[in-house]
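Undergrad:
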Amino acid sequence: RLRARLVERVAAIEGVTVNGPAGDSAAPHILNLRILGVRGETLVHRLELDSIYVSTGSACHARDPRPSHVLVAMGLGREEALSSIRISLARTTTVEEVDAASDAIARAIVELRVLV
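Numbering (the numbering used here), first residue to last: 906 to 1021.
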């Protein structure tokens, strides 16, 4: 339910696309988003200022500047993959945290797009 709520909230942001399967086909604890006009790495660092911690890929590929090989294998281009972030949910994640994260993501995207 939390993933579905997060998808609903972030998909309403202009230029945000969910990478990967939808509904019951998706992993319930991971969400990967592509943000038009914003580099994933830049968004990761901006969200840290709001204590929202996301990544551009899996933990085993942390600090790897190359685009996610999984996103590329799914058919995304290099720039699309580099404009993506990965959000993980835990058993302890709350509705309030999902709402705060989606609000912070929306604000950060607006701020960063102004800079481009």
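All residues carry an ideal CB built from backbone N, CA and C; glycine is no exception.
What is the rounded straight-line gap between the Cα of I935 and the Cα of R908?
TA: Those two C-alpha atoms are separated by around 8 Å.
Undergrad: What is the rounded straight-line gap between the Cα of D1008 and the Cα of A978?
TA: Computed Cα separation, rounded: 30 Å.
Undergrad: Using only alpha-carbon positions, find the residue among T922, V912 and I918 that is nearest to D929.
TA: Measuring from the Cα of D929, the nearest candidate turns out to be V912.
Undergrad: What does DSSP give as the partner residue(s) for R939 in the beta ladder?
TA: Paired residues: T922 and S989.
Undergrad: Helix, strand or coil for S973 per DSSP?
TA: Here S973 sits in coil by DSSP.
Undergrad: Cutting at 6 Å between CB atoms, please list the residues of its own chain near E946, excluding the five before and the five after it.
TA: These residues qualify, in order along the chain: T961.
Undergrad: Starting from the Cα of E919, find the closest Cα among R971, A932 and V943 and give me that residue.
TA: Ranking R971, A932 and V943 by Cα distance to E919 puts V943 first.
Undergrad: Looking at C-alpha atoms only, which residue of P972, S956, S988 and T999 is the closest neighbour of V921?
TA: The shortest Cα separation from V921 among P972, S956, S988 and T999 belongs to S988.
Undergrad: Use the C-beta contact count for R991: other C-beta atoms within 10 angstroms, 16 or more gives buried, fewer gives exposed.
TA: Classification for R991: buried.
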